[in-house]
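6 protein chains.
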Amino acid sequence: MPIVTIELTREGVTRQQKQELIKGATELISNVLNKDPGLTHVIIDEVDLDNWGVAGEQVSILRERGITADKK
Amino acid sequence: MPIVTIELTREGVTRQQKQELIKGATELISNVLNKDPGLTHVIIDEVDLDNWGVAGEQVSILRERGITADKK
Amino acid sequence: MPIVTIELTREGVTRQQKQELIKGATELISNVLNKDPGLTHVIIDEVDLDNWGVAGEQVSILRERGITADKK
Amino acid sequence: MPIVTIELTREGVTRQQKQELIKGATELISNVLNKDPGLTHVIIDEVDLDNWGVAGEQVSILRERGITADKK
Amino acid sequence: MPIVTIELTREGVTRQQKQELIKGATELISNVLNKDPGLTHVIIDEVDLDNWGVAGEQVSILRERGITADKK
Amino acid sequence: MPIVTIELTREGVTRQQKQELIKGATELISNVLNKDPGLTHVIIDEVDLDNWGVAGEQVSILRERGITADKK
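For the record, the sequence lines run as chains A, B, C, D, E and F. Under our numbering, the first residue of the first sequence carries the number 10, and numbering increases by one thereafter. Under our numbering, the first residue of the second sequence carries the number 10, and numbering increases by one thereafter. Under our numbering, the first residue of the third sequence carries the number 10, and numbering increases by one thereafter. Under our numbering, the first residue of the fourth sequence carries the number 10, and numbering increases by one thereafter. Under our numbering, the first residue of the fifth sequence carries the number 10, and numbering increases by one thereafter. Under our numbering, the first residue of the sixth sequence carries the number 10, and numbering increases by one thereafter.
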């Protein structure tokens with residue numbers, strides 16, 4: 010019955026990546042909690058870069074400065 | 010003061026249906042909890058079919074296979 | 010597949026009232042959107058009076074002043 | 010580490026206003042809770058007027074009647 | 010920067026299981042989206058059985074009838 | 010009409026601090042968006058340290074290691 014919500018910035022996440030997130034989150038819940046995967050919901054919430062802030066700065070401005078959240 | 014959030018897939022819900030959801034949820038809260046309906050908020054959050062998954066599958070793929078959440 | 014979240018102040022809502030909210034919200038979704046009720050989830054989130062504010066005031070303080078959200 | 014989510018109606022909030030909300034919310038958390046502002050996230054969720062209801066009415070209908078949430 | 014929220018019923022999830030959910034969700038985001046894991050937050054929200062409903066029924070009542078969400 | 014939700018770790022936030030968060034968030038919305046403060050709701054959601062993770066680690070474990078989110 011779990012519900013997993015993934016909030017992330019809207020920066021070109023592909024349909025395939027979304028499917029991988031849905032599949033992966035469902036398997037994680039199933040493996041750790043022994044839950045029937047048929048009852049797990051996953052919702053992906055993409056947020057515009059102007060609408061997300063961290064450290065007091067809009068992410069859209071951080072990106073203009075070349076600051077990303079990517080792995081180094 | 011209650012806040013009701015309704016998350017559903019973005020599949021052509023009409024303005025009239027949204028108004029019925031808002032009216033119905035507000036009345037439900039008012040009837041069951043004896044709350045002043047003037048203080049109840051209802052928010053409808055429509056989620057793209059690529060962004061919702063159930064049982065590890067994107068709803069957009071389920072719909073392509075003819076699987077719906079409609080009443081039988 | 011819809012998910013209904015009801016946030017309200019923790020003020021003695023009974024188990025029976027919660028069941029009425031769950032049943033009523035599920036029927037509302039089913040009636041308005043023609044959705045299979047078996048797929049609808051309802052989550053009730055009770056919030057402590059110190060943790061909810063309206064008009065800049067903690068609800069716990071409003072209640073001490075005799076201000077409620079009940080129907081007149 | 011706090012996360013601040015601001016839900017509001019989609020009515021022409023500018024990029025500059027969003028930045029002011031992000032900056033202000035981050036400073037508020039930092040001042041009141043003594044939290045490192047670098048760890049605070051702010052998410053602004055703009056909701057279509059058809060998708061928000063108060064007192065059982067769609068906000069889009071309230072606006073057509075000239076009813077706003079602006080300061081008097 | 011992603012934020013993952015996992016809502017589940019409060020049914021004895023252990024501290025160790027929570028750590029596995031946190032670790033697994035963070036790795037999933039990192040692997041699929043190439044995000045710096047240091048910026049991912051995971052929040053687990055445990056919901057009382059009286060406060061969660063599915064198919065119009067309180068989960069606490071479903072459990073009393075022997076209906077679980079466990080894998081078969 | 011805005012709704013501000015503040016999620017933070019449950020680490021001894023006082024009633025007075027909660028009131029300051031409620032007052033400050035309401036004033037911020039009022040000042041930036043010119044909204045009637047009477048219509049703004051603020052909800053504070055305190056999350057147990059075992060139920061919040063960052064960088065793949067439970068906050069309860071980070072705290073045991075002496076890692077805080079406090080301002081330096």
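Cβ coordinates follow ideal geometry from the N, Cα and C atoms, glycine included. These figures come from a predicted structure and were not determined experimentally.
Mind pulling the chain D residues with CB within less than 8 Å of residue i?
i	result
F:Q26	V41 and L42
So, at 6 Å on beta carbons, what are the nonlocal neighbours of residue i in its own chain, with the 5 sequence-adjacent residues on each side left out?
i	result
D:V13	A34 and V51
E:Q3	Because chain E in this structure spans residues 10 to 81, residue 3 of chain E falls outside the shown range and cannot be described.
What does a CB cutoff of less than 8 Å around residue i pick up in its chain, not counting 5 residues either side in sequence?
i	result
E:S39	D45, P46 and T49
E:I70	none
A:P11	I38, L42, K44, L48, T49 and H50
D:E36	P46
Using the DSSP secondary-structure output, state which residues sit across from residue i in a beta bridge.
i	result
C:E55	C:L17
D:V63	B:H50 and D:E66
F:I76	Paired residues: none, contrary to the question.
E:I12	A:E16 and E:H50
A:K44	E:D79
Do residue j and residue i have their beta-carbon atoms positioned less than 7 Å apart in this structure?
i	j	result
E:L58	E:T23	no
D:N43	F:K27	no
B:E29	C:V41	yes
B:D9	B:E16	Residue 9 of chain B is absent from the structure shown; chain B starts at 10 and stops at 81.
A:G65	D:K32	yes
Residue i CB to nearest chain C CB: under 7 Å?
i	result
E:V63	yes
Answer yes or no: does any C-beta atom of chain A fall closer than 7 Å to that of residue i?
i	result
E:I15	yes
Under 7 Å Cβ to Cβ from residue i, same chain only, skipping five residues before and after it: list those, please.
i	result
C:V68	T18, L58, W61 and G62
A:R72	L58
C:T77	none
Step through the CB atoms of chain F and report whether any lies within less than 7 Å of the CB of residue i.
i	result
D:I76	no
Let me see if you follow: with CB-CB separation under 7 Å, is residue i close to chain D or not?
i	result
F:I70	no
Please compile the residues from chain E whose C-beta is within a distance smaller than 9 Å of the C-beta of residue i.
i	result
F:E66	Q28, I31, K32 and T35
Contacting positions in the segment 29 to 60 of chain D - beta carbon closer than 7 Å to chain H = Any reference to chain H falls outside this structure, whose protein chains are A, B, C, D, E and F.
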